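I have placed the structure first, in the form of structure tokens, so that the comments after it can refer back to it.
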Ligand SMILES: NC(=O)c1ccc[n+]([C@@H]2O[C@H](COP(=O)([O-])OP(=O)(O)OC[C@H]3O[C@@H](n4cnc5c(N)ncnc54)[C@H](O)[C@@H]3O)[C@@H](O)[C@H]2O)c1
């Protein structure tokens, strides 16, 4: 195999600009072409970023493409990834990988038959902040993690997204939309989950869009928008995960982990950077000294100030893993385990019973400063 993979982008909507912009930062990736069922969307990106525009079939048949990045909407992920594998190419998908375990298992079987790889976002757990948290845990500084809390709560999506309908339909909801970031980081920090239980509800059966251009339109809510889940990890740690779009304001941190020797305060797993705080047995909470991790360095302006954004790092790690014949950190088994966690949370909410997971995975290898630097050009 060559030292560089030909990359095709399939799905040229909102998040595709991030991939087009950031992929050139990384070794091993050469974005050559893009496609979308809406060809004008693909043409726009092709012109903006100097790549070829192709029909979906042409991209699937393109001999120069080794891996196709699936940036379509969640409902299309399974069918599109299946077609990519059938066309003989590796897949890297945006989250969530699929909407059911059985779909993920079909992809796994197909990939194994064809000797291909499937990778999946989120890759934000490769960020400098989350790898610092990982190094702190691995050093033994907070002892064995026994419990923790995660909170991802807001009033919803209908006040900013132009077409928020899908967020409130099956396949959407705060656990499937934002849960992947939290669960991927918990797998990074603690390992796989054993069983889950949840209470789920919805504050409203309809929502009124307040964003433009559909301000005033009333849309149905067909999936829980308020989820309180309990996760028992294989390690024995028990974590509370609250994911809600029914909360106007709150004072909870995104992620707190409590160990036998101290506590760890982890910034928002939706982003690569942020301040990591910790305490020991003396109970003084202090910021961990910032380290020079390449994926923690701010490289982007945002309304909240400078921000580190290295999305595509997971794809770059997968490309290098393919070249070196090693495990990719954003692997199929970890993404599928995440899907199992999320769909089991929703199932528990429906049935009222705890659900023991049928999948498991390993913790991904930590990504230290040198290994991260090796992914960059
Ligand atoms: N927008 C974000 O900030 C963001 C952030 C992280 C992850 N994501 C994830 O990325 C994915 C895409 O999100 P987005 O916001 O870019 O969505 P989007 O709706 O802006 O874009 C999706 C694109 O996929 C195309 N598409 C849909 N079905 C297709 C099919 N079957 N074949 C080919 N093209 C198809 C659409 O025409 C559209 O251009 C989602 O899974 C989302 O969860 C989005």
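In the working numbering, the protein residues as written are 409 to 785.
Just so it is clear, CB atoms sit at the ideal spot from N, CA and C, and this is done for glycine as well.
Please read all numbers here as calculations on a predicted model, not as lab measurements.
Reference residue i, options the options, closest by Cα
i, options, result
"residue 448", "464, 634, 638 and 597", "464"
"residue 643", "726, 601 and 676", "601"
"residue 637", "672, 599, 680 and 590", "590"
"residue 770", "758, 783, 743 and 777", "743"
"residue 482", "584, 516, 560 and 535", "584"
"residue 598", "646, 570, 576 and 559", "646"
"residue 640", "613, 572 and 555", "555"
"residue 517", "565, 672 and 489", "489"
"residue 610", "451, 569, 570 and 635", "635"
"residue 679", "613, 509, 530 and 780", "530"
"residue 574", "497, 615 and 669", "615"
"residue 547", "670, 494, 462 and 752", "670"
"residue 446", "416, 563 and 462", "462"
"residue 702", "466, 686, 694 and 719", "719"
"residue 415", "455, 456, 451 and 467", "467"
"residue 456", "693, 708 and 426", "426"
"residue 686", "432, 545 and 469", "545"
Alpha-carbon to alpha-carbon, residue j and residue i
i, j, result
"residue 586", "residue 578", "14 angstroms"
"residue 552", "residue 648", "17 angstroms"
"residue 532", "residue 677", "6 angstroms"
"residue 460", "residue 441", "4 angstroms"
"residue 424", "residue 500", "13 angstroms"
"residue 418", "residue 688", "47 angstroms"
"residue 480", "residue 667", "39 angstroms"
"residue 511", "residue 754", "17 angstroms"
"residue 477", "residue 492", "9 angstroms"
"residue 581", "residue 700", "36 angstroms"
"residue 484", "residue 549", "43 angstroms"
"residue 713", "residue 624", "31 angstroms"
"residue 620", "residue 661", "30 angstroms"
"residue 522", "residue 737", "21 angstroms"
"residue 751", "residue 557", "19 angstroms"
"residue 733", "residue 759", "42 angstroms"
"residue 495", "residue 471", "10 angstroms"
"residue 520", "residue 487", "17 angstroms"
Chain C contact for residue i (CB, 9 angstroms cutoff)
i, result
"residue 697", "The chain labelled as chain C is not found in the depicted structure, where only one protein chain is given."
Any non-hydrogen atom of ligand 1 closer than 8 angstroms to residue i Cβ
i, result
"residue 701", "no"
"residue 422", "yes"
"residue 444", "yes"
"residue 716", "no"
"residue 677", "no"
"residue 473", "no"
"residue 465", "no"
"residue 488", "yes"
"residue 481", "yes"
"residue 498", "no"
"residue 585", "yes"
"residue 579", "no"
"residue 449", "yes"
"residue 637", "no"
"residue 746", "no"
"residue 511", "no"
"residue 419", "yes"
"residue 786", "The chain is shown only over 409 to 785; residue 786 falls outside these bounds and no answer can be derived."
"residue 455", "no"
"residue 484", "yes"
Proximity of residue i and residue j at Cβ, strictly below 9 angstroms
i, j, result
"residue 741", "residue 765", "no"
"residue 474", "residue 413", "yes"
"residue 655", "residue 664", "no"
"residue 527", "residue 704", "no"
"residue 428", "residue 411", "no"
"residue 444", "residue 421", "yes"
"residue 746", "residue 592", "yes"
"residue 540", "residue 784", "no"
"residue 515", "residue 505", "yes"
"residue 728", "residue 782", "yes"
"residue 657", "residue 681", "no"
"residue 652", "residue 561", "yes"
"residue 622", "residue 571", "yes"
"residue 762", "residue 659", "no"
"residue 576", "residue 630", "yes"
"residue 861", "residue 756", "Because the chain in this structure spans residues 409 to 785, residue 861 falls outside the shown range and cannot be described."
"residue 711", "residue 595", "no"
"residue 566", "residue 618", "yes"
"residue 534", "residue 698", "no"
"residue 434", "residue 724", "yes"
"residue 525", "residue 498", "yes"
"residue 613", "residue 628", "yes"
"residue 684", "residue 774", "no"
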